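The next block holds one structure in the form of structure tokens; read it before the comments.
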Amino acid sequence: MGETAITTKELGKKYGSFWALENCSVSVPEGRVSALVGPNGAGKSTLLKLLVGLSSASSGQSQVLGKQPAQHGDFLADIGYLAQEIPLYKSMDTNDHIEMGRNLNARFDEGFIRKRLQDLQIPLDRPISKLSGGQRAQVALALALAKKPKLLLLDEPVAALDPLARHDFLSSLAQAVADGGLTVVMSSHLLADLERVSDHVIVLASGKTQLCDDIETVLNEHLILVGPRQTVGHLGDKLSIIHQTQTARQSTLLVRGTVPKKLPSGWQRHEPNIEEIILAYMGQAKEGGER
Amino acid sequence: MNWLAWRQHRIQFLIFGILLVIYAAVVIPSGLHFWHAYQQMVSSCAHNPANPSCTDIYGNLFRTTTDKLLIGLIPTAVLFLPIILGVFWGAPLLSKEYAEGTNSLVWTQSISRRKWLTVKLAWMLLATALLAGAFAALNTWWSKTPNALNMDRFSNGNQFGIQGIVPVAISLFAVSYGIMLGAWFRKTMVAVGITLVLFVACSHIVIPNLLRPNYLKPLSVTAPFGPDRSSSGTGVPSNAWITSQIIYNGSGREIVGDIFSAAPPQCQKVIQQAEVPNSGGRAFKAVPSPNGDDPIAECLDKAGWYQVTTYQPGYRYWDFQEIESAIYLGLAAIAVGATYWLVLKRDA
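Below, the structure written as structure tokens:
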């Protein structure tokens, strides 16, 4: 522990005049399973592509496993990447993909992938185009894992899967993580799925980092306060308010920082769950964007 | 990486390998047959030149429908081979990877993008050279009979591009531009369309018409104005490629357009006498003058008219083959360089 698998500093990616990702600074310690969340178009895929060297940054720096992302084998050997569309060669079968993995990776565990896909009862001699979406995702994940990577980057791997296939995929992932030595960054907009497997979270919205920390720390640092609307200003001086919703009389605040033991009269505290916190940060970014 | 390149493209290679075998199975017996028949005809005509079939050896040799079909199809196959390879081998090579997203699968294995591209290009370009070389060799060998009869392998623009070494260079050109355009536009159909347009523009318009006549400075011969503007009357060797023929009048001015209206006054009378009514343009009686010449030509010749013929002599054929191949290979090298740039410098 203590080593960081990924550090980015003010990383940015511009397409034409549009910044898909802007001033993105994140840090993921080794061994974490990090959930990369944010609305569509927040720059999640862009960030993952920059980290694996498929795209080159327009500004800022990144260090991935101590190296700058690049197109050579030295860098790529330690990283497993799964693109959003789960691309595989449609006319080839799984055996061919295993053979490809063996040919293109010095450290490819053929025994592991064969056993794994056998356990999942995936027919190895059937063309990829004849497999279900869930089976394809499992083949692609197995290929990425058979590289024996130190870091696994998954771009919305479960988005296109039905609930059962999604469950199986996440179980496979959890099992691989339990085997140890693996850092994972997985993007998704399905918060509930991420909660099951992650212990770290990165919230991206409007091309910027809103939150990047261990889930435990995030939970400890945030509170929901509910109280009379008139006295909000009084609290706001001492706390950073991430998000607030108002009714005629009542305010609900999501705050970060140390909340005084004694609250003003009429105020109550709640422990938020991670989903509420993430939504609050995404809402804050949205309001910020509209302002 | 060799394994993947082979696995991905073996079907394409197999299909064209089969086509080559079929082509050889047609070309070899047909080539032997025509060559022997031609030899026989030549030797029998040497003994008996009065035989009516000796006036048109070509027509007698390629007499049946099958013969005409063969003389049409065998050379045409090599004419179309480069663009077919450009469309079916070149254009999809990279565009299909981009379109199906498999580039991001293969670019995140433990192999550099440069090596991946080098291996793919090497397989495809080597296969192209071998296949086009085999087709071109077969057609060149088969064409020795029509070549001996027509002597047009140099002067006929299409024949020049389908015999010798040029077909190999054109095929490499077509395939490499297909690949480059595929990497550029990332959509197979767009790459196919632009490859077609570029191929027709380069290898059917610009290169044969604008560049090829000027590879070496043409020779020229000045001759009296003759009735038939064929090479026989101008002192040009029969296997030469005539690149231009210009008529000048007595004061050395180039004649452009209708020579009859440009004729001097003393010849207008001769022209009028020879002219016969004709609905589709002007027609003239073939009334030879006492010395056997056409009276109009004779009159124009007397008025000082002459013609200058420029030509490329037949012995430059292989020089031209080499120069043109070098041009196509140079263009192909540009496409390959651009492909590296597009693949390595652009995002996935």
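If you read the protein sequences in the order shown, they are chains A and B. Per this note's numbering, numbering of the first sequence is gapless, rising by one per residue and ending at 809. Per this note's numbering, numbering of the second sequence is gapless, rising by one per residue and ending at 1093. Glycine residues also receive a C-beta, built at the ideal position from the N, C-alpha and C atoms. A quick note: this is a predicted structure, and the numbers were derived from the prediction, not measured.
Within 10 angstroms of the Cβ of B/Ala1080, are there 16 or more other Cβ atoms? Answer buried if so, exposed if not.
Position 335 of the second sequence, counted from the first residue, corresponds to residue 1080 of chain B. Buried, by the Cβ-count rule.
According to DSSP, is A/Arg504 part of a helix, a strand, or is it coil?
Summary: the structure shown does not reach residue 504 of chain A, with chain A confined to residues 519 through 809, and so no result is reported for it.
Within the 8 angstroms Cβ cut-off, does B/Ser976 reach chain A?
Reading the second sequence from its first residue, position 231 is the one you call residue 976 of chain B. With a pLDDT of 43 at B/Ser976, under the threshold of 50, the modelled position of that residue is not reliable, and the figure given next carries that caveat. So no, B/Ser976 is outside the interface.
Compute the beta-carbon to beta-carbon distance between B/Thr940 and B/Leu926, rounded to the nearest angstrom, for a pair I have assumed lies under 8 angstroms.
By 1-based counting over the second sequence, the position of residue 940 of chain B is 195. By 1-based counting over the second sequence, the position of residue 926 of chain B is 181. About 6 angstroms separates the two Cβ atoms, so the contact holds.
At the level of alpha carbons, what is the spacing between A/Thr749 and A/Ala538?
For the purposes of this step, residue 749 of chain A is taken as the residue at position 231 of the first sequence. For the purposes of this step, residue 538 of chain A is taken as the residue at position 20 of the first sequence. Cα-Cα distance, rounded: 39 angstroms.
So, for B/Phe930: in the same chain, excluding its five sequence neighbours on each side, which residues have a beta-carbon less than 6 angstroms away from its beta-carbon?
Reading the second sequence from its first residue, position 185 is the one you call residue 930 of chain B. Around B/Phe930: Ala936.
A/Gln602 and A/Leu529: beta carbons closer than 8 angstroms?
In the first sequence, the residue the question calls residue 602 of chain A occupies position 84. In the first sequence, the residue the question calls residue 529 of chain A occupies position 11. Not closer than 8 angstroms, so no.
Helix or strand or just coil, what does DSSP make of B/Arg1091?
Here residue 1091 of chain B corresponds to residue number 346 of the second sequence, with the count starting at 1. Reduced to three states, the DSSP call for B/Arg1091 is coil.
Do we get a CB-CB distance below 8 angstroms when we pair A/Ser573 with the residues of chain B?
Counted from its first residue, the first sequence places residue 573 of chain A at position 55. Yes, A/Ser573 counts as interfacial toward chain B.
Tell me which residues of the stretch 849–874 of chain B have at least one Cβ-Cβ distance to chain A shorter than 9 angstroms, keeping chain order.
Taking 9 angstroms as the Cβ-Cβ cut-off against chain A, the residues of the stretch 849–874 of chain B that qualify are Ser849, Leu850, Val851, Trp852, Thr853, Gln854, Ser855, Ile856, Ser857, Arg858, Arg859, Lys860, Trp861.
A/Gln586 versus chain B: which residues are under 7 angstroms apart at the beta carbon?
Looking up residue 586 of chain A in the first sequence gives position 68. Those do not exist, as A/Gln586 stays about 15 angstroms from chain B at its closest Cβ, beyond 7 angstroms.
By the three-class DSSP mapping on this structure, what secondary structure does B/Leu818 have?
On the second sequence, position 73 is the one that residue 818 of chain B refers to. Helix at B/Leu818.
According to DSSP, which residues form a beta bridge with A/Lys531?
Residue 531 of chain A sits at position 13 when you count from the first residue of the first sequence. A/Leu539.
Quick one: measure Cβ to Cβ for A/Val676 and A/Thr612, integer angstroms, because I've assumed they're closer than 8 angstroms.
Here residue 676 of chain A refers to the residue found at position 158 of the first sequence. Here residue 612 of chain A refers to the residue found at position 94 of the first sequence. A/Val676 to A/Thr612, Cβ: 20 angstroms. No contact.
Between the alpha carbons of B/Ser857 and B/Thr873, how many angstroms are there, rounded?
Here residue 857 of chain B refers to the residue found at position 112 of the second sequence. Here residue 873 of chain B refers to the residue found at position 128 of the second sequence. Taking the straight line joining both Cα atoms gives about 24 angstroms.
At which residue ranges does the stretch 628–655 of chain A contain complete beta strand (DSSP E) runs of 3 or more residues, listed in the order of the chain?
Complete beta strand (DSSP E) runs here, min 3: none at all.
Checking 8 angstroms against the spacing of the C-beta atoms, do A/Ala655 and A/Ala683 come in under that value?
As a first step, residue 655 of chain A must be located in the first sequence, where it is residue number 137. As a first step, residue 683 of chain A must be located in the first sequence, where it is residue number 165. Yes, the pair counts as a contact, with Cβ atoms nearer than the cut-off.
Do A/Ala560 and A/Lys531 count as a contact pair if the criterion is CB distance below 8 angstroms?
What you label residue 531 of chain A is simply residue 13 of the first sequence in a count that begins at 1. What you label residue 560 of chain A is simply residue 42 of the first sequence in a count that begins at 1. No, the Cβ-Cβ distance between A/Lys531 and A/Ala560 is not below 8 angstroms.
Alpha carbons only, please: which of A/Thr765, A/Leu568, A/Ser573, A/Cys542 is nearest the one belonging to B/Leu1089?
Here residue 1089 of chain B corresponds to residue number 344 of the second sequence, with the count starting at 1. The shortest Cα separation from B/Leu1089 among A/Thr765, A/Leu568, A/Ser573, A/Cys542 belongs to A/Ser573.
With DSSP collapsed to three states, give me the class of A/Ile720.
Position 202 of the first sequence holds residue 720 of chain A. Note: A/Ile720 maps to strand in three-state DSSP.
What are the residues that DSSP puts in a beta bridge with A/Arg774?
On the first sequence, position 256 is the one that residue 774 of chain A refers to. A/Arg774 pairs with A/His740, A/Ser758.
Just the C-alpha distance for B/Phe758 and B/Leu764, rounded to the nearest angstrom, thanks.
Residue numbering aside, residue 758 of chain B sits at position 13 when the second sequence is read from its first letter. Residue numbering aside, residue 764 of chain B sits at position 19 when the second sequence is read from its first letter. So the two alpha carbons sit approximately 10 angstroms from each other.
Can you list the alpha helix (DSSP H) stretches of 4 or more residues lying completely in the stretch 931–1002 of chain B, in chain order?
Runs found: 933–945.
Using the C-alpha atoms, what's the distance from B/Tyr1051 back to B/Ala1007?
Working through the second sequence from its first residue, we reach residue 1007 of chain B at position 262. Working through the second sequence from its first residue, we reach residue 1051 of chain B at position 306. Answer to the nearest angstrom: the Cα atoms are 14 angstroms apart.
For A/Val555 versus A/Ile796, is the C-beta spacing smaller than 8 angstroms?
Along the first sequence, read from residue 1 onward, the residue named residue 555 of chain A stands at position 37. Along the first sequence, read from residue 1 onward, the residue named residue 796 of chain A stands at position 278. The answer is yes: Cβ separation under 8 angstroms.
Could you check whether the Cβ of A/Gly591 sits closer than 8 angstroms to any Cβ belonging to chain B?
Numbered from its first residue, the first sequence carries residue 591 of chain A at position 73. Yes - at least one Cβ of chain B is within 8 angstroms of the one on A/Gly591.
Spell out whether any CB of chain B is found under 8 angstroms from the CB atom of A/Met704.
Stepping through the first sequence from its first residue, residue 704 of chain A is reached at position 186. No, because no Cβ of chain B sits closer than 8 angstroms to the Cβ of A/Met704.
What number of angstroms, rounded off, separates the C-alpha of B/Gln1017 from the C-alpha of B/Ile992?
Position 272 of the second sequence, counted from the start, is the residue given in the question as residue 1017 of chain B. Position 247 of the second sequence, counted from the start, is the residue given in the question as residue 992 of chain B. Each residue's Cα considered, the two are about 21 angstroms apart.
Which residues in chain A have a C-beta closer than 8 angstroms to the C-beta of B/Glu748? List them in chain order.
For the purposes of this step, residue 748 of chain B is taken as residue 3 along the second sequence, with counting starting at 1. The question names Glu, but residue 748 of chain B in the sequence shown is Trp. Those within 8 angstroms of B/Trp748 in chain A are Glu617, Met618, Asn621.
Check this for me: beta carbons of A/Phe687 and A/Leu700, under 8 angstroms apart or not?
Translated into positions along the first sequence, residue 687 of chain A becomes position 169. Translated into positions along the first sequence, residue 700 of chain A becomes position 182. Contact flag unset, no.
State yes or no: is the beta carbon of B/Tyr752 nearer than 8 angstroms to at least one beta carbon in chain A?
Residue numbering aside, residue 752 of chain B sits at position 7 when the second sequence is read from its first letter. The sequence shown places Arg at residue 752 of chain B, not Tyr. Yes, because at least one Cβ of chain A sits closer than 8 angstroms to the Cβ of B/Arg752.
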